[in-house]
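Okay, so the sequence shown: first residue is 1 according to full-length UniProt numbering, each after it adds one.
Read the structure below first, then the notes.
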Amino acid sequence: MYRAVTRNIEVQVRPFYLEDRSDPSENRYVWGYQVTIDNRSDEFVQLLSRYWHITDGSGRVEEVRGAGVVGDQPELNPGDSYQYTSGCPLSTPSGIMVGHYTMRNKRGETFNVAIPAFSLDLPGTRRTVN
């Protein structure tokens, strides 16, 4: 489990390898990741957009930006949690993902909430993420 806290909003990520969707002979490796966002602040927030910086095992970088997550722009009152699962295909057997969510509070202020860096590695080959 990987964890980051920004302005009392905690983001936890649990990555997992999807062997049934992967085909190493075709250089296709697929991971799922489950994200939990806990609003431990004392204010309402809405997740507006996401940004991902994905680096594969060969050092190739892909940046992904988009509205919301999995087709949703969740609203979280103080104490609320939101959880979703998504996935990431790579052409190498390992990689690293990191990013942020852009949130907005009731005052209209927008700010970024860190998504912790997490590794995507075949089972038994885990690396350390700095």
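Virtual Cβ for every residue (Gly too), placed ideally from N, Cα, C.
The Cβ neighbour count for G79, taken over all protein chains shown within 10 Å, is under 16; the residue is labelled exposed. The C-beta of N39 has 16 or more other C-beta atoms within 10 Å across all chains shown, which makes the residue buried. Between Q46 and Q83, the C-beta gap is not smaller than 8 Å, which leaves the two residues out of contact. Less than 8 Å divides the Cβ of V11 from the Cβ of I37.
Under DSSP, the beta-bridge partners assigned to D38 are E10, S81. The segment 61–71 and the segment 14–32 do not touch, with fewer than 3 CB-CB distances between them shorter than 8 Å. Exposure of F16 is indicated by the presence of fewer than 16 other C-beta atoms within 10 angstroms of its C-beta. The DSSP-derived three-state label of R60 is coil.
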